[in-house]
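Asker:
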Amino acid sequence: MNPGSDQLSIDTPELVSIELPLAGIGSRFIAVLVDTVLWFVALIVVIFLISFVGPAIAAFNKLSYQWTVALVIFLLFLFNWGYFTLFEAFWNGRTPGKKIAKIRVIQKSGRPIGLFESMARNFIRYIDQIPSFYAVGVITMFITKQHQRLGDLAAGTLVVQDREQEAPLWGESGSRTFTAASFTPTQAPSEPHTRVVLPAGGISKLTSSDLEVLEGFFARRLDMPLEVRQKLADRICAALIAKSGLEIPEGVSVETFLEAAARDLRDLARMR
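The opening position of the sequence shown corresponds to residue 80 in the numbering used here, with each subsequent residue numbered one higher.
1. Residues in the same chain with beta-carbon distance under 7 Å from A339, minus the five sequence neighbours each way, listed in chain order, please.
2. Assuming F119 contacts W160 (C-beta within less than 8 Å), just tell me the rounded distance between them.
3. Taking only the alpha-carbon atoms, compute the straight-line gap between E294 and V116 and give it to the nearest angstrom.
4. By a C-beta neighbour count over all protein chains shown, 10 Å radius and 16 as the cutoff for buried, is D346 buried or exposed?
5. Since R200 and D231 are thought to touch, with beta carbons under 8 Å apart, how far apart are those beta carbons, to the nearest angstrom?
6. Identify the residues that DSSP records as bridge partners of E98: which are they?
7. Under three-state DSSP, which class holds R183?
8. For S197, which residues in the same chain have their Cβ closer than 6 Å to its Cβ, ignoring the five residues on either side in sequence?
9. To test your reading of the DSSP string, which unbroken alpha helix (DSSP H) runs of 4 or more residues are found completely within the segment 292-341?
10. Can you tell me which of L194, R190, Q225, L229 puts its alpha carbon nearest to the alpha carbon of Q208?
11. Determine the DSSP secondary structure at Q208, reduced to helix, strand or coil.
12. With DSSP run on the structure shown, which of helix, strand or coil describes L285?
13. Does DSSP put R200 in a helix, a strand or coil?
14. Hey, would you say V113 sits closer than 8 Å to G176, going by beta carbons?
15. My guess is that K284 and K310 are in contact by the Cβ rule of under 8 Å, so how many angstroms apart are they, rounded?
16. Which of helix, strand or coil does DSSP assign to T236?
17. Cα separation between P213 and G103?
18. Excluding the five sequence neighbours on either side, which residues of its own chain have a C-beta within less than 7 Å of the C-beta of I129, listed in chain order?
19. Pull up the distance between the alpha-carbon of D85 and that of L99, whole angstroms please.
20. Can you list, in chain order, the residues of its chain whose CB lies under 7 Å from that of L319, leaving out five sequence neighbours each side?
21. Using the C-alpha atoms, what's the distance from I89 back to R173?
22. Which residues in the same chain as G235 place their Cβ atom closer than 7 Å to its Cβ, once the five residues preceding and following it in sequence are excluded?
23. Name, in chain order, the residues that DSSP records as bridge partners for P191.
24. Cα-Cα, which of L305, R300, S287, M303 is closest to R342?
25. My output table needs one value for N433: the three-state DSSP class, helix, strand or coil.
26. Tell me the DSSP secondary structure of F158 in three-state form.
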């Protein structure tokens, strides 16, 4: 990130710089406010159910009531911690509040947040809340250049603005897998099973280093946030076109073009 800037600059292994806007304190406040309201509503429902079960257990065994209280306190902790942890880990770094505020959590490398990072940042959340309503967290966000609270610093995470796409991001359906609709290409997709043929003269101007960049992108693209993936594909494509003079055939998406270029480069390497 550039000093004094609200943009996160990520240098990918493909030597392409991607910039993502950092989430401000205002949008993060809206997100946590919505999540807190939703959590309290769910909590009221849980307490209502426990109010029926607890006395029944205590009547069955006098010693059970104390254990019931202890269990309820422990479950309340798990319920609060689990709400944020599970949503962020399995919903592409978002909670319902973050989705409404259009922000999400990512790793500092730009990769999606995992279960470990989510567990760590949300365990430290209780320190960020001291003495009341995230006072420590807000102070830390003002001090740090990347607007990180203590939980973010411990887990190596950042909160960025989420430019939502019509197509769902991976993880939204509960599965960490891309579908065909998960990536919105800059051009219309090519016809299914149609082999894209690129001019040999243009391919011959590319090198093994270009193939390494393409292979690196293909190996990592399923782990990338949608916005990062699309920007990176566009930039790699622009660099290849400038170097080779190739053009994207009509009706072919950027990623399909890159796949065709990589395939032809492999074929050319075998012939040499």
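All C-beta atoms in this analysis are idealised placements derived from N, C-alpha and C, irrespective of residue type, glycine included.
Answerer: Quick look at the numbers:
1. Closer than 7 Å at Cβ, skipping near neighbours: V275, L277.
2. The Cβ separation is near 15 Å, so there is no contact.
3. Cα to Cα, the separation comes out at about 45 Å.
4. Taking all protein chains shown into account, D346 has fewer than 16 neighbouring C-beta atoms within 10 Å of its C-beta and is therefore exposed.
5. Indeed, because the Cβ distance is near 6 Å, the residues count as touching under 8 Å.
6. Paired residues: S88.
7. For R183, the secondary structure class from DSSP, reduced to helix, strand or coil, is strand.
8. Within the same chain, S197 has close Cβ partners T164, E167, A168.
9. Entirely contained in the segment 292-341, the alpha helix (DSSP H) runs reaching 4 residues are, in chain order, 305-323.
10. Comparing Cα-Cα distances from Q208 to each of L194, R190, Q225, L229, the minimum goes to L229.
11. Looking at Q208 - three-state DSSP - the assignment turns out to be coil, as it is neither helix nor strand.
12. Residue state, collapsed to three classes: coil.
13. Correct three-state label for R200: helix.
14. Taking 8 Å as the cut-off, the Cβ atoms of V113 and G176 count as close.
15. 24 Å between Cβ atoms; not a contact.
16. The answer is strand: DSSP assigns T236 an E or B state.
17. The sequence given here has Tyr at residue 213, not Pro. In a straight line, the C-alpha of Y213 is about 15 Å away from that of G103.
18. The residues are V151.
19. One Cα belongs to D85, the other to L99, and the distance between them is close to 9 Å.
20. The beta carbon of L319 sits closer than 7 Å to those of L285, D289, L325, A340, all from its chain and outside the five residues before and after it, given in chain order.
21. Those two C-alpha atoms are separated by around 20 Å.
22. So the qualifying residues of the chain are Q186, K187, E196.
23. Paired residues: I185.
24. With distances taken between CA atoms, R342 lies nearest to S287 out of L305, R300, S287, M303.
25. Residue 433 is absent from the model: the chain starts at 80 and stops at 351.
26. Secondary structure of F158 (DSSP, three-state): helix.
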